[in-house]
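Straight run, no breaks: the sequence shown in the working numbering ends on number 122. For glycine and all other residues, C-beta sits at the position ideal for the given N, C-alpha and C. These figures come from a predicted structure and were not determined experimentally.
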Amino acid sequence: MIERMQRSLLVIAIAALALSGAVSAQDAFETQLATAVQHAEFSMGADDVDMAVRHLGHVLNCIAGEGGEGFDGSWGHPCDGQGAGLVSDIEGHAAAADLMAVLRSAHGLAMEGVEAGSLGAVQAAAAGVRALLLVIGEHGG
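Here it is in structure tokens:
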């Protein structure tokens, strides 16, 4: 009887740990998403192309995660410590299949935007990336 109770408690403890990990992954995703949106807005409001690229680079780093496609540590990484990057952290998300195409589009647009040569082009890319990230937030982020 005691052994069965101990097994039941162990199962409950394992389930609780798994659930807390899922909640933490969801929290990490939402925190990174909010940070990326904020830096897209910083890019949109930048006064010069270098600052616009830097903030859009922050967005790209939050999306890609350290070591991910397009990640460049020289821009800085405001999502450091918040998760593994949106592309990685969306995999455990309940709406991952529905949102992955939107996230890939944001990633691609951010990669193009940091290579743009004019302030207007970088800011337009940042506005597009922001809009895509907001769609993710509205539909399961």
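Stretch pair the segment 21 to 37 + the segment 46 to 53: three plus CB contacts closer than 8 Å: no
Cβ neighbour criterion (16 or more within 10 Å) applied to Ser69: Along the sequence shown, read from residue 1 onward, the residue named residue 69 stands at position 88. That one is buried.
Through-space distance from Asp79 to His187, alpha-carbon basis: Because residue 187 is not part of the residues shown, which for the chain are -18 to 122, the question remains open.
Spatial neighbours of Val103 in its chain, beta-carbon cut-off 7 Å, leaving aside the 5 residues before and after: Position 122 of the sequence shown, counted from the start, is the residue given in the question as residue 103. The answer, listed in chain order, is Ser24, Val30, Ala33, Val34, Leu37, Gly94, Ala97.
Gly94 (DSSP reduced to helix, strand or coil): As a working note, residue 94 is residue 113 in the sequence shown. If DSSP states are grouped into helix, strand and coil, Gly94 belongs with the helices.
CB contact flag (Gly40, Ala91, <8 Å): Within the sequence shown, the letter at position 59 stands for residue 40. Within the sequence shown, the letter at position 110 stands for residue 91. The amino acid at residue 40 is misidentified as Gly; the sequence shows Val. Yes; because the gap between Cβ atoms is below 8 Å, this pair is in contact.
Given Ala106 as reference, the closest of Ser86, Gly118, Ile117, Thr12 once Cα atoms are compared: Here residue 106 refers to the residue found at position 125 when the sequence shown is read from its first residue. Among Ser86, Gly118, Ile117, Thr12, the Cα nearest to that of Ala106 belongs to Ser86.
Check whether Arg111 and Ala15 have beta carbons under 8 Å apart: Here residue 111 refers to the residue found at position 130 when the sequence shown is read from its first residue. Here residue 15 refers to the residue found at position 34 when the sequence shown is read from its first residue. No, the pair does not count as a contact, with Cβ atoms beyond the cut-off.
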